[in-house]
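**Student:** Numbered as in this note's numbering, the sequence shown ends at 455 without a single skipped number.
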Amino acid sequence: MSGRIAEVHRSGLTFDVLDEGPIEGDVVVLLHGFPERATCWRSVAPLLHERGFRTLAMDQRGYAPRARPPRRRDYRLTELSDDVAALVTAAGAGAPVHVVGHDWGAIVAWALALRQPELVRTLTAVSVPHPTAFLRSMLSSDQVLRSWYMLLFQLPWVPELSARRRGSVFDRSLAHAGMRPEEVARCRAEVIEAGALTGGMNWYRALPFLDRTLIGKHVTVPTTLLWSDGDVALGRKGAELTERYVDGPYRFVALRGVSHWIPTQEPEACAEAILDRIGA
Numbered sequence: 176m177s178g179r180i181a182e183v184h185r186s187g188l189t190f191d192v193l194d195e196g197p198i199e200g201d202v203v204v205l206l207h208g209f210p211e212r213a214t215c216w217r218s219v220a221p222l223l224h225e226r227g228f229r230t231l232a233m234d235q236r237g238y239a240p241r242a243r244p245p246r247r248r249d250y251r252l253t254e255l256s257d258d259v260a261a262l263v264t265a266a267g268a269g270a271p272v273h274v275v276g277h278d279w280g281a282i283v284a285w286a287l288a289l290r291q292p293e294l295v296r297t298l299t300a301v302s303v304p305h306p307t308a309f310l311r312s313m314l315s316s317d318q319v320l321r322s323w324y325m326l327l328f329q330l331p332w333v334p335e336l337s338a339r340r341r342g343s344v345f346d347r348s349l350a351h352a353g354m355r356p357e358e359v360a361r362c363r364a365e366v367i368e369a370g371a372l373t374g375g376m377n378w379y380r381a382l383p384f385l386d387r388t389l390i391g392k393h394v395t396v397p398t399t400l401l402w403s404d405g406d407v408a409l410g411r412k413g414a415e416l417t418e419r420y421v422d423g424p425y426r427f428v429a430l431r432g433v434s435h436w437i438p439t440q441e442p443e444a445c446a447e448a449i450l451d452r453i454g455a
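1) Are the beta-carbon atoms belonging to valine 156 and alanine 281 less than 9 Å from one another?
2) Closer than 8 Å: is that where the CB of isoleucine 449 sits relative to any heavy atom of the ligand SAH?
3) Quick check on glutamate 195: buried or exposed, where buried means 16 or more other Cβ atoms within 10 Å of its Cβ?
4) Give a yes or no on whether the C-beta atoms belonging to glycine 413 and alanine 308 are separated by under 9 Å.
5) Just to confirm, is the Cβ distance from leucine 205 to alanine 181 under 9 Å?
6) In its own chain, which residues sit with a C-beta less than 7 Å from the C-beta of alanine 266, not counting the 5 before and 5 after it?
7) Identify which residue in Leu289, Tyr250, Arg236 and Leu223 has its Cα closest to the Cα of leucine 389.
8) Which parts of the segment 180-231 are runs of the beta strand (DSSP E), unbroken and 3 residues or longer, counting only runs that do not cross its ends?
9) Between arginine 226 and leucine 450, which are expected to be in contact by the criterion C-beta below 8 Å, what is the C-beta distance as a whole number of angstroms?
10) Using three-state DSSP, classify histidine 140 as helix, strand or coil.
11) Under the three-state reduction of DSSP, which class applies to threonine 253: helix, strand or coil?
12) Over what stretch of residues does the alpha helix (DSSP H) that includes valine 359 continue unbroken?
13) Can you look up glycine 267 in the DSSP assignment and give me helix, strand or coil?
14) When the distance is taken between beta carbons, is arginine 321 closer than 9 Å to alanine 429?
15) Out of Glu418, His277, Leu314 and Ala270, point me to the one whose CA is closest to valine 295's CA.
16) What residue does the beta strand (DSSP E) around alanine 429 start on, and which one ends it?
17) Whose C-beta lies closer than 7 Å to the C-beta of valine 359 among residues of the same chain, with five residues either side of it excluded?
18) Am I right that arginine 243 and glycine 237 are in contact with their C-beta atoms under 8 Å? What's the rounded C-beta distance?
19) Look at the Cβ atom of leucine 255, then the Cβ atom of valine 283, and state whether they are nearer than 9 Å.
20) Taking the alpha carbon of alanine 261 as the point to measure from, which residue in Gln235, Arg380, Glu365 and Ile453 has its own alpha carbon closest?
21) Work out the CA separation of glutamate 447 and proline 438 for me, nearest whole Å.
22) Alpha carbon to alpha carbon, what distance is there between isoleucine 453 and tryptophan 279?
23) By alpha-carbon positions, which one of Arg251, Glu293 and Gly410 ends up nearest to valine 319?
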């Protein structure tokens with residue numbers, strides 16, 4: 176049994192980790208999205224601890240202060256999923272582990288399950304569908320219009336400059352997406368003012384380097400997709416198509432009247448979906 180870990184090292188980078196809950200419990204890895212850090216799980220994790228699970232929430236590449244490489248190609252999805260594989264190894268928990276991801280964290284979780292399924296016991300993807308389902312939804316729904324910001328984020332420094340002051344277009348866009356004022360303030364403090372915004376943007380800027388061998392590939396591990404109908408960024412079509420790309424046991428859970436920010440705004444429902452998938 177491994178002791179607590181506070182950080183993970185890989186390729187000269189150091190990732191900060193929140194290792195909490197019963198240390199002898201089965202491990203649940205929690206992966207944050209954009210523009211948040213590991214603290215976005217602060218209301219979900221205790222609910223998992225109550226059921227005997229140990230949680231590992233990592234500040235991912237670009238967000239952790241000592242893991243912010245400068246090149247956009249350093250943020251390829253393969254690198255991001257290998258960072259999580261390093262976390263699993265460092266925990267010494269004995270693979271496989273339960274993996275949960277929200278937003279970009281869900282994309283990383285999908286990639287890990289596709290590339291290294293031996294590390295993933297179960298997968299709970301929050302908000303974001305299977306990558307191939309997402310791409311197909313761009314051609315068959317309004318998803319391409321919902322994803323307009325991805326093109327904007329390709330511009331160097333322009334989004335960062337626009338986000339500098341409080342009450343900026345960036346802040347207002349987060350509010351439009353459903354973030355509460357206190358959540359916008361947390362993202363400003365933990366991401367913008369902490370110097371992590373460029374790192375987070377680089378996840379989008381590395382999309383041209385996407386490993387195309389993942390396209391069309393099926394997930395084989397037990398999987399749940401938790402989606403909300405108030406999500407302005409992700410429509411229902413991709414969520415509905417996801418089942419076609421999961422060969423293992425699959426469940427689709429849709430929350431009514433909930434925004435994109437499920438872990439912070441509906442932690443009980445999020446934890447319930449995770450525990451139901453785990454079988455706890």
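Ideal Cβ placement from N, Cα and C applies to all residues, glycine included.
**Tutor:** So, to answer that:
1) Lying outside 176 to 455, the shown extent of the chain, residue 156 is not represented and no answer is given.
2) The ligand SAH is not among the ligands present in this structure, which contains no ligands whatsoever.
3) The residue is buried, with at least 16 neighbouring Cβ atoms inside 10 Å.
4) yes
5) no
6) Ser177, Ile180, Val202 and Leu231
7) Leucine 389 has its Cα closest to that of Leu289, out of Leu289, Tyr250, Arg236 and Leu223.
8) Runs of beta strand (DSSP E) with 3 or more residues, each lying fully within the segment 180-231, are found at 182-185, 188-195 and 202-206, listed in chain order.
9) 6 Å
10) Since the displayed the chain opens at 176 and closes at 455, residue 140 lies outside it and no answer follows.
11) helix
12) 356-362
13) Shown here, glycine 267 sits in coil according to DSSP, grouped into three states, outside any helix or strand.
14) no
15) Ala270
16) In the DSSP assignment, alanine 429 falls within the beta strand (DSSP E) that extends over 425-430.
17) Asp346, Leu349 and Ala350
18) Between glycine 237 and arginine 243 the Cβ distance is about 6 Å, and since that is below 8 Å, they are a contact.
19) yes
20) Gln235
21) 11 Å
22) 21 Å
23) Gly410
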